[in-house]
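In what follows, a single structure is set out as structure tokens and then discussed.
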Amino acid sequence: MSIFSKYEPLARSLAAVTHGGGRNPFSVVIDHPISSTVGVIEGRETLLFGTNNYLGLSQSEAAIEAAIDTLRTHGVGTTGSRIANGTQGLHRQLEERIAAFFRRRHCMVFSTGYQANLGMISALAGKDDYLLLDADSHASIYDGSRLSQAQVIRFRHNDADDLHKRLRRLDGTPGAKLIVVEGIYSMMGDVVPMAEFAAVKRETGAWLLADEAHSVGVMGEHGRGVAESCGVENDVDFVVGTFSKSLGTVGGYCVSDDDGLDLIRLCSRPYMFTASLPPDVIAATMAALSELEQRPELRHRLMDNARRLHAGLNAIGLRTGLQASPVVSVVLDEIDEAVRFWNRLLDLGVYVNLSLPPATPDQHPLLRTSVMATHDAAQIDQAIEIFAIVARELGLGQ
Amino acid sequence: MSETVADVSALIIQTLLANPKVPRDISGSSKIVEDLAFDSLAVMNFVMEIEDSLDVSVPLDRLADIRTIDDLANCIVSLKQGG
Numbered sequence: 010m011s012i013f014s015k016y017e018p019l020a021r022s023l024a025a026v027t028h029g030g031g032r033n034p035f036s037v038v039i040d041h042p043i044s045s046t047v048g049v050i051e052g053r054e055t056l057l058f059g060t061n062n063y064l065g066l067s068q069s070e071a072a073i074e075a076a077i078d079t080l081r082t083h084g085v086g087t088t089g090s091r092i093a094n095g096t097q098g099l100h101r102q103l104e105e106r107i108a109a110f111f112r113r114r115h116c117m118v119f120s121t122g123y124q125a126n127l128g129m130i131s132a133l134a135g136k137d138d139y140l141l142l143d144a145d146s147h148a149s150i151y152d153g154s155r156l157s158q159a160q161v162i163r164f165r166h167n168d169a170d171d172l173h174k175r176l177r178r179l180d181g182t183p184g185a186k187l188i189v190v191e192g193i194y195s196m197m198g199d200v201v202p203m204a205e206f207a208a209v210k211r212e213t214g215a216w217l218l219a220d221e222a223h224s225v226g227v228m229g230e231h232g233r234g235v236a237e238s239c240g241v242e243n244d245v246d247f248v249v250g251t252f253s254k255s256l257g258t259v260g261g262y263c264v265s266d267d268d269g270l271d272l273i274r275l276c277s278r279p280y281m282f283t284a285s286l287p288p289d290v291i292a293a294t295m296a297a298l299s300e301l302e303q304r305p306e307l308r309h310r311l312m313d314n315a316r317r318l319h320a321g322l323n324a325i326g327l328r329t330g331l332q333a334s335p336v337v338s339v340v341l342d343e344i345d346e347a348v349r350f351w352n353r354l355l356d357l358g359v360y361v362n363l364s365l366p367p368a369t370p371d372q373h374p375l376l377r378t379s380v381m382a383t384h385d386a387a388q389i390d391q392a393i394e395i396f397a398i399v400a401r402e403l404g405l406g407q
Numbered sequence: 018m019s020e021t022v023a024d025v026s027a028l029i030i031q032t033l034l035a036n037p038k039v040p041r042d043i044s045g046s047s048k049i050v051e052d053l054a055f056d057s058l059a060v061m062n063f064v065m066e067i068e069d070s071l072d073v074s075v076p077l078d079r080l081a082d083i084r085t086i087d088d089l090a091n092c093i094v095s096l097k098q099g100g
């Protein structure tokens, strides 16, 4: 028996997606980017509407220059973990910069956003504690909960009353209770009602961790995320985030005012047992953060673009989430239909993400788009027009 | 009132049968993943419905040991008894 035999159902699902000559949607190659909004795919210039590069900073000139300068002075890697030889002055500088940006006392930087959730959740919640997770949580949160060995309880998506009910069932149970929510949920782009969750946290004495991976640089007057925009930053004990979305690089972090965060450095396995970020990535991230702070117009343009795309896709009769956010997903009913739609979009020069169950809420396949501050109106209109053409071909929408 | 395993099993079956995609001939010994063709997310979502009906929370790690409808009923009864 092959060691791969357990993956036969997966192989069949993949074959169903690619039969009839369709592409493998999980193996798309962007040959190279031309700008933040256009890349070359299959030899053609293609509009990028699925990169999470919300402010377009992956192509920031300032970040590129900072990275090049730092490569010359620091070399290409650290060859070590944060608790051994992998902490350079730059890592500390970045942690201080991120903490200052969030007005928090402490920051830990991880090598990826995935590891930040994995490392924080697994270390904060011990086996006698309870983790309360939103049902639509990202895989990194679920994986962190498994690594933690804590008791894991799901509550209904974005439903603070449901969370309250589940916390009430734990009345009198020993062990810390850690609530985990996301600022913007990555599949549908829906925003957490953070003030409602903050109220439940206050009332029940639980701890609150907010993963603001998709909302930092996007929401809030200063770009600090949904907690800022809802005015409840003081109620969020731990903010986790990533550099690989609005900051355009790679890496993750957690900020907190709690002095205990320093102890997590010595018990978080995803922090301790992996190589630290290379110096050029740190330099680029700090440059991108400066740009995020100094150019609030990027956030305004991003939200204008999000509203334009959301309204345009709804106007042609496609079904999306209710809120206009930088993630706009078109909800379809059948996987076959979604696969054909996605292939035709790419044929006609628009790249989006194809998201399939069980990675999506409610078992619906999604054409997940993400918009950027650097898209211009003509690019958004062109993408909407191509969506309309394909929808007509498939007999969907208006 | 304390539910028996048979009560809880019957409630689970009744809840499952409300879903038209579930085979009509399920019983307490039906395997949730294999016989009902539920993926991991579908299992978690369906357990959430049962949790609400019975005012109990089933921690996700307990699901790992559950194969059949009766296993789930046993687990819930044990949780409601404080186990």
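Chains as they are written, first to last, in this note's numbering: chain A, 10 to 407; chain B, 18 to 100. We put the CB at the ideal spot given by N, CA and C, even for glycine. Source: prediction; values computed, not measured.
- In its chain, beyond the 5 residues on either side, Phe63, Glu66, Ile67 and Ser70 have a beta carbon closer than 8 Å to the beta carbon of Thr32 of chain B.
- Note that the region 145 to 154 of chain A touches the region 122 to 135 of chain A; at least 3 beta-carbon pairs, one per stretch, sit closer than 8 Å.
- Interface with chain A (7 Å Cβ-Cβ cutoff): Pro40 of chain B is excluded.
- Considering only A:Met203, A:Ala386, A:Ser255 and A:Gly257, the residue with the shortest C-alpha distance to Gly240 of chain A is A:Met203.
- Under the Cβ criterion of 7 Å, Gln332 of chain A is not counted among the residues facing chain B.
- Within a 10 Å sphere around the beta-carbon of Asn243 of chain A sit fewer than 16 other beta-carbons, which makes this residue exposed.
- Under the three-state reduction of DSSP output, Cys276 of chain A falls in the coil class, being neither helix nor strand.
- Bounds of the alpha helix (DSSP H) holding Met129 of chain A are Gly122 to Leu133.
- Leu58 of chain B belongs to the set of residues whose beta carbon lies under 7 Å from a beta carbon in chain A.
- Cα atoms of Arg316 of chain A and Ile193 of chain A: separation of roughly 15 Å, rounded to the nearest angstrom.
- With a minimum length of 4 residues, the unbroken runs of alpha helix (DSSP H) contained wholly in the region 29 to 100 of chain B fall at 57 to 71, 77 to 80 and 86 to 97.
- Taking the Cβ atoms as the reference, Ser253 of chain A lies roughly 12 Å from Leu64 of chain A, outside the contact range of under 8 Å.
- Residue environment analysis places Glu221 of chain A among the buried positions, since at least 16 neighbouring C-beta atoms fall within 10 angstroms of its C-beta.
- Assignment of Phe119 of chain A by DSSP, reduced to helix, strand and coil, places it in the strand class.
- Between His319 of chain A and Leu341 of chain A, the beta carbon gap of about 17 Å keeps them out of contact (Cβ cut-off 8 Å).
- Under the DSSP assignment, Gly321 of chain A falls in the alpha helix (DSSP H) whose first and last residues are Pro305 to Ala324.
- Residue contact with chain B for Pro367 of chain A: present (Cβ-Cβ distance below 7 Å to some residue of chain B).
- Boundaries of the alpha helix (DSSP H) around Gln102 of chain A: Gly98 to Phe111.
- For the pair of segments examined, the region 282 to 295 of chain A was found not to touch the region 326 to 342 of chain A: the number of CB pairs separated by less than 8 Å stays below three.
- Residue contact check for Ser46 of chain B against chain A: no CB pair falls below 7 Å.
- At least one CB atom of chain B sits nearer than 7 Å to the CB of Ile162 of chain A.
- Considering only A:Pro183, A:Ser338 and A:Leu376, the residue with the shortest C-alpha distance to Arg349 of chain A is A:Leu376.
- Beta bridge pairing from DSSP links Leu375 of chain A with A:Val340 and A:Ser364.
- By alpha-carbon distance to Ile389 of chain A, the top candidate from A:Ala207, A:Trp216 and A:Thr55 is A:Thr55.
- A Cβ-Cβ contact shorter than 7 Å links Arg308 of chain A with Gly232 of chain A.
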